[in-house]
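A short write-up of the structure that comes next.
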Amino acid sequence: MFLRVLCGQNKLMTGNSAKLAVIGAGPGGYAAAFLAADLGMKVTLIDQESNPGGVCLYRGCIPSKALLHVAKLIEEAHQAKNWGIEYSDPKIDVAQLRFWKEGVVKKLTGGLGQLSKQRKVEYIQGRAGFENSNTLRVSRTHGSEESHTFDRIIVATGSRPAVLPSLKLNMPRMMDSTSALDLSDVPSTLLVVGGGYIGLELGTVYAALGTKVSVVEMLPGLLPGADRDLVLPLHKRMEKILDSILLNTTVASVKEESRGIRVTFDGPEVKERERLFEKVLVSVGRKPNSEIPGLEKTQVRVGERGFIQVNKQLQSDDPNIYAIGDVVGEPMLAHKASHEGRTAVEAIAGHKVAFEPNAIPAVVFTDPEIAWCGLTETQAQKEGREIKVARFPWAASGRAMTLDRTEGVTKLVIDPKSERVLGIGITGVGAGEMIAEGVLAIEMGATATDIALSIHPHPTLSETIMEAAEVFFGTSTHVYRPKR
Ligand code: NAD
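For what it's worth, this note's numbering labels the leading residue of the sequence shown as 345, then goes sequentially.
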């Protein structure tokens, strides 16, 4: 939970005129800048784009979700045959799709630009480097280079796609998440390297648009960070929509040919060692952007994996410099960054705060979606923690049945002694929306009884959370458990 001292919340111990710079205007940076302005600080927000938004809005969460929405629509139109409705195959106008996606991005980032102006945040389009712990050298994209001095500086520079030496991106047919989201065309075949968040989300999009997509993952399962029982329904559906899923496999080499990229695979289960793909998407993780010019002139410490080291107030080893978001560590998620940003600003304002969440939700926006928060079953097993797991299968949910999507599962990870809910995992349509209830339950210290006794609306998928709590007590209305 975030520790907050409520009295004096609106008083700035540093004085209302504190000058703050925020480097990077992603969901971490702009949330920090806006709160700081609301608290009365004089804020400068620096980013290379013309408006706030960062990777998430320009080339990440938002454009990918716009495309995933379209993918779901196409998929549902296919499925409608089962319900007595037949649509003809979709005609896809890629240019119009791109235009719509870019429109969404433009509206949102433009709106953030307006919010920034309304708050009187000085927005500088450019790049910043450190001259010392208080002074930044800022080169404007269109013009001058100048030095500015601040009382405090927040580094919110985010992350970039990781690259593998064997998979250089210097060929036009090789894509990272940014170029894949540009949607320059719809290739006939695509190899996705890395079966994580990005690979599966973008693989879903291209498969829906008509590409034959293969995913290669070096580990034994897709989404290695998630519990296996949550991944299973997605894996089964992915097997239907994808051309192939190659597990325990890596890419040994890639070679550009006139018709595509010739890929050589390596691994114990490889049947076809060489294959030709029109395009290859590399999505093997992200790296923090901590190589900021002049950072060595400050006391900021960068750890082994490139993450800036910070304390629970997000303050670095340099008392004037704070850092938040992807650049300080996993999970690299926008919502973690915004909360860290707001915590850092409150700390700067003199409030007693710490970033100590019990539950940061993770959502993979595939179809079905997978979402989890708090303690996972895998983590509990690794730590040797005693837990009980209560699972509610969506085959027993009336709402899931009406949607023809009964492959889902909702599970609670519960402390058997206190009966407190420690973790929640959901696979199924809408899991990403539902997980917020799990976050609230965990942060409020809810027990299985609290959840079981909270009346959930019928017929909804949210009832599966209530019924999972009932499963814990062996009294779920829609799951029969024979008496021993
Ligand atoms: P990821 O860590 O989710 O997945 C990378 C995958 O690549 C892993 O499964 C890993 O085992 C595999 N891999 C690594 N090297 C490989 C190799 N040589 N050959 C084959 N497989 C290999 O990373 P990502 O998908 O690139 O996404 C990066 C980050 O961006 C995520 O960790 C997440 O924090 C964030 N993100 C979040 C969302 C979301 O919230 N829905 C969506 C996209 C990205």
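C-beta: ideal position from N, C-alpha, C; glycine also.
Query: Through-space distance from E601 to P705, alpha-carbon basis; Result: 42 Å
Query: L567 versus L553, L719 and E545, residue with shortest Cα-Cα distance; Result: E545
Query: Terminal residues of the alpha helix (DSSP H) in which Y550 lies; Result: Y541 to L553
Query: Sequence-ordered residues whose beta carbon comes within less than 6 Å of a heavy atom of ligand 1; Result: L508, V537, G538, G539, G540, Y541, I542, G543, E545, V560, E561, M562, L563, P568, T594, V595, S627, V628, G629, R630, P675, M676, L677, V707, V708 and F709
Query: Range covered by the beta strand (DSSP E) that runs through Y666; Result: I665 to A667
Query: Secondary structure of V557, DSSP reduced to three states; Result: strand
Query: Same chain, Cβ closer than 7 Å to K656, neighbours up to 5 away in sequence not counted; Result: A698, F699 and E700
Query: Secondary structure of E489, DSSP reduced to three states; Result: strand
Query: Cβ-based burial, P712 [other Cβ within 10 Å; buried from 16]; Result: buried
Query: Straight-line gap, V672 to F651 (C-alpha atoms, nearest Å); Result: 5 Å
Query: Reduced DSSP secondary structure (H/G/I, E/B, other) of D610; Result: strand
Query: Neighbourhood of D529 by C-beta distance below 6 Å, restricted to the same chain and skipping five residues each side; Result: none
Query: Endpoints, the beta strand (DSSP E) within which L706 is located; Result: Looking at the sequence provided, one finds Ala at residue 706 rather than Leu. A706 -> beta strand (DSSP E) spans A706 to V708.
Query: Burial state of S361 (16 or more Cβ within 10 Å); Result: exposed
Query: Proximal residues to V557 (C-beta, below 7 Å), its chain only, five neighbours per side dropped; Result: L534, V536, G547, Y550, A551, L586 and D587
Query: Local conformation of A715 per DSSP, three classes; Result: strand
Query: Per-residue DSSP class, three states only, for R729; Result: coil
Query: K755 classed as buried or exposed, judged by whether at least 16 other C-beta atoms fall within 10 angstroms; Result: buried
Query: Identity of the residue in N664, L590 and V757 nearest M562 by Cα; Result: L590
Query: contact_flag[the region 414-425, the region 472-481] where n(CB pairs < 8 Å) is 3 or more; Result: no
Query: Outcome for Y467 when other beta-carbon atoms lying within 10 angstroms are tallied against a minimum of 16; Result: buried
Query: V438 to L525 span [Cα, whole Å]; Result: 12 Å
Query: Secondary structure of V823, DSSP reduced to three states; Result: coil
Query: Integer Cβ distance of L401 from V387, believed to fall under 8 Å; Result: With 8 Å as the limit, L401 and V387 do not qualify as a contact, their Cβ atoms being about 19 Å apart.
Query: Cβ pair P396, Y374 closer than 8 Å; Result: yes
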